[in-house]
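There are 2 protein chains.
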Amino acid sequence: MLSPAYLAVAGALLLALGPPLPAFAGRPIITGKPAPSEAAATARWLTAQNTWGVLSTISSDLSGAPFGNVVSYSDGVPGESHGIPYFYLTMLDPTARDALKDQRTSFTLSEFPLGTCGKIDPENPTCAKLTLTGKLKLVDLQSSEADLAKSALFTKHPEMKDWPKNHHFQIFKLEIENIFLIDWFGGPKPISPTEYLEYGKNQVLLKLS
Amino acid sequence: MLSPAYLAVAGALLLALGPPLPAFAGRPIITGKPAPSEAAATARWLTAQNTWGVLSTISSDLSGAPFGNVVSYSDGVPGESHGIPYFYLTMLDPTARDALKDQRTSFTLSEFPLGTCGKIDPENPTCAKLTLTGKLKLVDLQSSEADLAKSALFTKHPEMKDWPKNHHFQIFKLEIENIFLIDWFGGPKPISPTEYLEYGKNQVLLKLS
Numbered sequence: 006m007l008s009p010a011y012l013a014v015a016g017a018l019l020l021a022l023g024p025p026l027p028a029f030a031g032r033p034i035i036t037g038k039p040a041p042s043e044a045a046a047t048a049r050w051l052t053a054q055n056t057w058g059v060l061s062t063i064s065s066d067l068s069g070a071p072f073g074n075v076v077s078y079s080d081g082v083p084g085e086s087h088g089i090p091y092f093y094l095t096m097l098d099p100t101a102r103d104a105l106k107d108q109r110t111s112f113t114l115s116e117f118p119l120g121t122c123g124k125i126d127p128e129n130p131t132c133a134k135l136t137l138t139g140k141l142k143l144v145d146l147q148s149s150e151a152d153l154a155k156s157a158l159f160t161k162h163p164e165m166k167d168w169p170k171n172h173h174f175q176i177f178k179l180e181i182e183n184i185f186l187i188d189w190f191g192g193p194k195p196i197s198p199t200e201y202l203e204y205g206k207n208q209v210l211l212k213l214s
Numbered sequence: 006m007l008s009p010a011y012l013a014v015a016g017a018l019l020l021a022l023g024p025p026l027p028a029f030a031g032r033p034i035i036t037g038k039p040a041p042s043e044a045a046a047t048a049r050w051l052t053a054q055n056t057w058g059v060l061s062t063i064s065s066d067l068s069g070a071p072f073g074n075v076v077s078y079s080d081g082v083p084g085e086s087h088g089i090p091y092f093y094l095t096m097l098d099p100t101a102r103d104a105l106k107d108q109r110t111s112f113t114l115s116e117f118p119l120g121t122c123g124k125i126d127p128e129n130p131t132c133a134k135l136t137l138t139g140k141l142k143l144v145d146l147q148s149s150e151a152d153l154a155k156s157a158l159f160t161k162h163p164e165m166k167d168w169p170k171n172h173h174f175q176i177f178k179l180e181i182e183n184i185f186l187i188d189w190f191g192g193p194k195p196i197s198p199t200e201y202l203e204y205g206k207n208q209v210l211l212k213l214s
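What follows is the structure in structure tokens.
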């Protein structure tokens, strides 16, 4: 016979665990954060796990001031991460217009919204931050890269495929030239774009998301 | 006599509700999001509710490219919001160094991490985004403004007061010159810095956070 206390705990556990997790596109299950010594892995993990970030351009509307804008992105279909962030932007938005005039762009991600920083402050160096700097480029819609990017974006952001056609959304990608990662005390970790992009290439699938 | 089933549900509820909520500084309780027609109120709500964002500067390390960095901030002690974001930055970090060479800066916030966008995509215009552009300035540590800023920062980010003294953290503020808010369809809402800063001034306390 099960005691009431046991039943209470079991009931609580069932509620806490909830029903089986649905396969939410764009809400990847958090698998383990890499160790601080694994800089390239940590950077790739941040890119694979997040679904939005801030894209900063040189503003043509604001006489060359930096302009950060909240955007969604994807670096691969869930479970297959490539490291290159793709974006779905309209010329109605200043970021895309800026990039066509001056391609210099940075893309910034935080570990904080993933929930893995716990009670650590978002600015604490152990709550990881990643800034990818490079050139924001249009992807030719007729290319096979565009097919890959669309699939990456639309699986993680299902509503994108229904966004208004007359807004003329286009696919952009960040060609990464510099990587700034802070994931521990002691300043930014040096990671080359090659080291970042090649990470996990020898595995069949990079299971980061 | 209480049935085992009742006890199970009661236990589950107790666990789900958890202990009484502690007064978490920096985790403001989400009070209602203003209506989309209330642009200044929405902008002030986003600033009051968030605790971190992305500060973008003109990078001196990267030959003038824009550089977005994850930072914590506060615009007032919990329950008393003033709209001006204050930051606690060290010269060991590129953002503070950049600002001393070129003050032009933008600060970007998203509604998404507040949890009030639900299943709406972070890039969907109804999931509000705010970019404050202006000049990032050092606050004189001997001023009364510095006392206000320290109190605003340290109540929302309690660990800051224990950050290493030898990192020489200093207080910066954003002097707002331009406001870019998207909180609905139809493009950015025009809000002047005065309209933003004056919002709620006639109330004794601006109860946004």
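Protein chains in written order, with my numbering: chain A, 6 to 214; chain B, 6 to 214.
Even for Gly, the Cβ is constructed at its ideal location relative to N, Cα and C.
**Request:** Answer with yes or no whether the minimum CB distance from I176 (chain A) to chain B is below 9 Å.
**Result:** Chain B contact via Cβ: absent.
**Asked** Helix, strand or coil for E203 (chain A) per DSSP?
**Response** In the structure shown, the three-state DSSP call for E203 (chain A) is helix.
**Message:** If you measure between the beta carbons of F174 (chain B) and L60 (chain B), is that distance less than 9 Å?
**Reply:** No. Outside cutoff.
**Request:** Identify each residue in the stretch 103-126 of chain B for which the Cβ-Cβ distance to at least one residue of chain A is less than 7 Å, and report them in chain order.
**Result:** For the stretch 103-126 of chain B, the set of positions with a beta-carbon nearer than 7 Å to some beta-carbon of chain A reads R109, T110, S111, T113, S115, F117, P118, D126 in chain order.
**Message:** For a cutoff of 9 Å on Cβ pairs, would you count Y93 (chain B) as touching chain A?
**Reply:** True, the Cβ-Cβ gap to chain A drops below 9 Å.
**Item:** Same chain only: Cβ atoms within 8 Å of F159 (chain B), ignoring 5 sequence neighbours per side
**Value:** These residues qualify, in order along the chain: M165, K166.
**Asked** Quick one: what's got a C-beta closer than 7 Å to L97 (chain A)'s C-beta in the same chain, skipping five residues either side?
**Response** Residues of the same chain with a CB within less than 7 Å of the CB of L97 (chain A), apart from the 5 flanking positions on each side, are H172 in chain order.
**Item:** Rounded straight-line distance, which links the Cα of T136 (chain B) to that of G191 (chain B)
**Value:** Straight-line Cα distance between these residues: approximately 17 Å.
**Request:** Measure from the C-beta of G73 (chain B) to each C-beta in chain A and report whether the shortest distance is under 9 Å.
**Result:** Flagged as an interface residue toward chain A: G73 (chain B), by a C-beta distance shorter than 9 Å.
**Chain-ordered neighbours of I63 (chain B) on chain A, where CB pairs are closer than 7 Å** = Within chain A, the residues P71 have their CB atoms less than 7 Å from the CB of I63 (chain B), given in chain order.
**Asked** Counting contacts by CB-CB distance shorter than 9 Å, is K170 (chain A) in contact with chain B?
**Response** Not an interface residue.
**Complete beta strand (DSSP E) runs within the stretch 91-143 of chain B (minimum length 3 residues, chain order)** = Those beta strand (DSSP E) runs which fall completely within the stretch 91-143 of chain B and span 3+ residues are 91-94, 109-115, 134-143.
**Message:** Determine, for P99 (chain A), whether the minimum Cβ-Cβ distance to residues of chain B falls below 9 Å.
**Reply:** Yes, its Cβ sits closer than 9 Å to a Cβ of chain B.
**Prompt:** Given E203 (chain A), which residues of its chain have a CB within under 6 Å of its CB, disregarding the five upstream and five downstream residues?
**Reply:** Cβ within range, chain order: n/a, list empty.
**Message:** Cβ closer than 8 Å: which chain A residues qualify as neighbours of K134 (chain B)?
**Reply:** Under the 8 Å cutoff, chain A gives N74, V75.
**Asked** Got a sec: which bits of the stretch 39-63 of chain B sit with their beta carbon under 9 Å from any beta carbon on chain A, in order along the chain?
**Response** Shown in chain order are the members of the stretch 39-63 of chain B whose Cβ falls below 9 Å from a Cβ of chain A: T56, W57, G58, V59, L60, S61, T62, I63.
**Asked** Where does the unbroken alpha helix (DSSP H) through T52 (chain B) begin, and where does it stop?
**Response** Annotation: the continuous alpha helix (DSSP H) that includes T52 (chain B) extends over 44-54.
**Request:** Return the residues of the stretch 187-207 of chain B that lie within a Cβ-Cβ distance of less than 8 Å from chain A, sorted by chain order.
**Result:** Taking 8 Å as the upper bound on Cβ-Cβ separation, chain A lies near residues G192 of the stretch 187-207 of chain B.
**Of the residues B:Q54, B:T113, B:P195, the one placed nearest G81 (chain B), counting alpha carbons only** = Comparing Cα-Cα distances from G81 (chain B) to each of B:Q54, B:T113, B:P195, the minimum goes to B:Q54.
**Where E116 (chain A) falls, given that 16 or more other Cβ within 10 Å makes a residue buried** = When all chains shown are included, E116 (chain A) counts as buried.
**Asked** Expressed to the nearest angstrom, what Euclidean distance is found between the alpha-carbon atoms of F3 (chain B) and K170 (chain B)?
**Response** For residue 3 (chain B) there is no data in the structure shown, the boundaries of chain B being 6 and 214.
**Message:** Just to confirm the assignment, what range does the beta strand (DSSP E) spanning F177 (chain A) have?
**Reply:** Start and end: 175-187.
**Prompt:** Are P39 (chain B) and T47 (chain B) touching if we call contact CB-CB under 9 Å?
**Reply:** Inclusion of P39 (chain B) and T47 (chain B) in the CB contact set at 9 Å is warranted, their separation being smaller than that value.
**Prompt:** Expressed to the nearest angstrom, what Euclidean distance is found between the alpha-carbon atoms of L186 (chain A) and T56 (chain B)?
**Reply:** Rounded to whole angstroms, L186 (chain A) to T56 (chain B) spans 21 Å at the Cα level.
**Request:** Have a look at S156 (chain A) and E150 (chain B) and give me their C-alpha separation to the nearest angstrom.
**Result:** Their backbone Cα atoms lie some 50 Å apart in a straight line.
**Prompt:** How close, in whole Å, do the beta carbons of T100 (chain A) and V76 (chain A) come, if the pair is a contact with beta carbons under 8 Å?
**Reply:** Contact flag correct, Cβ pair sits at about 7 Å.
**Contacts that E85 (chain A) makes with chain B (C-beta to C-beta distance below 9 Å)** = Result: empty, since nearest Cβ-Cβ is about 21 Å, beyond 9 Å.
**Request:** Output the distance between the C-alpha atoms of T199 (chain A) and P90 (chain A), rounded to the nearest integer angstrom.
**Result:** A direct Cα-to-Cα measurement between T199 (chain A) and P90 (chain A) gives close to 15 Å.
**Prompt:** With distances taken from CA atoms, which of B:G139, B:P195, B:E43 is nearest I181 (chain B)?
**Reply:** Residue B:G139 is the option with its Cα nearest to I181 (chain B).
**Prompt:** Thinking C-alpha only, which one of A:A70, A:D188, A:E43 is nearest T121 (chain A)?
**Reply:** Ranking A:A70, A:D188, A:E43 by Cα distance to T121 (chain A) puts A:D188 first.
**Prompt:** Can you give the Cα-Cα distance for L114 (chain B) and G58 (chain A), rounded to whole angstroms?
**Reply:** Computed Cα separation, rounded: 10 Å.
**Prompt:** Out of curiosity, what's the CA-to-CA distance linking L153 (chain B) and E128 (chain A)?
**Reply:** Answer to the nearest angstrom: the Cα atoms are 20 Å apart.
**Request:** Assign K38 (chain A) to one of three DSSP states: helix, strand, or coil.
**Result:** When DSSP states are grouped into helix, strand and coil, K38 (chain A) belongs to the coil group.
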